[in-house]
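Take 0 as the starting number for the sequence shown in numbering that gives the first Met the number 0 and just add one per residue.
Glycine residues also receive a C-beta, built at the ideal position from the N, C-alpha and C atoms.
So the structure is just underneath, and the comments pick up after that.
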Amino acid sequence: MTHFYYESFQGLLQALVKDFHVYALNARTLGNIKKLPNGTHDWLAQWADDSVMFVRHMGFAPYIHVRQSHGNMLGWQILMTYPDTLKAYVSLAGFAPLIIEDPENAKHIAQTVAQIRAKEGKSLFTV
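Written as structure tokens, this is what we have:
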């Protein structure tokens, strides 16, 4: 998994794994993915298809989807394409600098996600 602020993402994963099952999927980029009529690749649609296929295979749907940073593109794509698979969508846009500044903030973010889960139930799927 690639992320621009790996150190912040790692801190959040460590905070979440105490209370949740966390799955980090690698996204397909180029190669065996959908091609558009103009010859370009529809990587975002493929990424959403792959993620939803995993979620359904694991029996998580409907689920709470948590995304950060560039991963929010995938979250919005799933929300638009497969809304029936989501119970809730949590966007953690822009939190990475907060965790880099103070790693304790990862625990606060994880607690907030835990509160959402406690209220909404079901599974949490995060990438």
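If I follow the unbroken alpha helix (DSSP H) through residue i, where does it start and stop?
i	result
residue 85	Unbroken run through residue 85 is the beta strand (DSSP E), 85 to 90; no alpha helix (DSSP H).
residue 23	Segment: none, residue 23 is in no alpha helix (DSSP H) and carries neither H nor E.
My guess is that residue i and residue j are in contact by the Cβ rule of under 8 Å, so how many angstroms apart are they, rounded?
i	j	result
residue 60	residue 54	5 Å
What residue from the options has the CA that sits closest to residue i's CA?
i	options	result
residue 42	110, 78, 82 and 73	73
residue 49	85, 65, 37 and 77	77
residue 10	58, 56 and 103	103
residue 62	87, 75 and 81	87
residue 24	51, 83 and 13	51
Take the Cβ of residue i as the centre, count every other Cβ of all protein chains shown within 10 Å, and call the residue buried at 16 or more, exposed below.
i	result
residue 124	Residue confidence for residue 124 is low, a pLDDT of 46 falling below 50, so the modelled location carries little weight; the figure read from the coordinates is stated next. The residue is buried, with at least 16 neighbouring Cβ atoms inside 10 Å.
residue 45	buried
residue 70	buried
Locate the beta strand (DSSP E) running through residue i, then write down its first and last residues.
i	result
residue 65	62 to 66
Determine the contact status of residue i and residue j, defining contact as a CB-CB distance below 7 Å.
i	j	result
residue 91	residue 64	no
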